[in-house]
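The next block holds one structure in the form of structure tokens; read it before the comments.
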Amino acid sequence: MPRKLGKTSDQRRAMLRQQVTDFLDNGKMETTITRAKEIKPLAEKMITLGKKNDLAAYRQALSFITREDVCKKLFKEIAPTYAERNGGYTRIVRTGTRRGDAAETAVIELV
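At position 63 of the sequence shown the residue is numbered 56 (this note's numbering), and the sequence of numbers has no breaks.
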């Protein structure tokens, strides 16, 4: 059962697309643990598409990633660094609780 994250399915999809885009752009991101766990498989899928490095994969990635410059960066810079690696491109590190609402936070980063 996928996590709902307190949003309707289209809001959730939009949020995850945006977070994956920002994550790939910056290489790391601080968010809640549950969001990080949702972002991880999507980001890894995008990097796997980047490793294929063909037009079909590029278009598939672009249909999910919200900014074209990030998609170009994924295919030109990020994916080639993982050419030898079979999966496991991201790491989630717990960073304690947030002061405002006591939510468990984590940093998700590219390995």
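From the three backbone atoms N, C-alpha and C, an ideal C-beta is built for every residue, glycine too.
**Message:** If you follow the alpha helix (DSSP H) that R10 is in, where does it begin and where does it stop?
**Reply:** 2 to 19
Point to revise | Straight-line Cα distance separating F68 from M(-6) | key: 31 Å
Query - Contact the stretch 46 to 59 vs the stretch 88 to 104: 3+ CB pairs below 8 Å - result: no
Measuring only the C-alpha atoms, how far is V100 from T25? 8 Å
Next on the checklist: On the CB-based measure, 16 or more other CB atoms within 10 Å of its CB, does T1 come out buried or exposed?
Outcome noted: exposed
Rounded straight-line distance, which links the Cα of M39 to that of Q11
13 Å
ask   = Mapping DSSP to helix, strand and coil, what is T98?
value = strand
Note to self: For E23, list the residues DSSP reports as bridge partners.
What the structure shows: V100
*Are the beta-carbon atoms belonging to G80 and E37 less than 8 Å from one another?*
yes
Starting from R52, trace the alpha helix (DSSP H) both ways and give me its first and last residue.
48 to 57
| So what's G89 in DSSP terms, helix, strand or just coil? | strand
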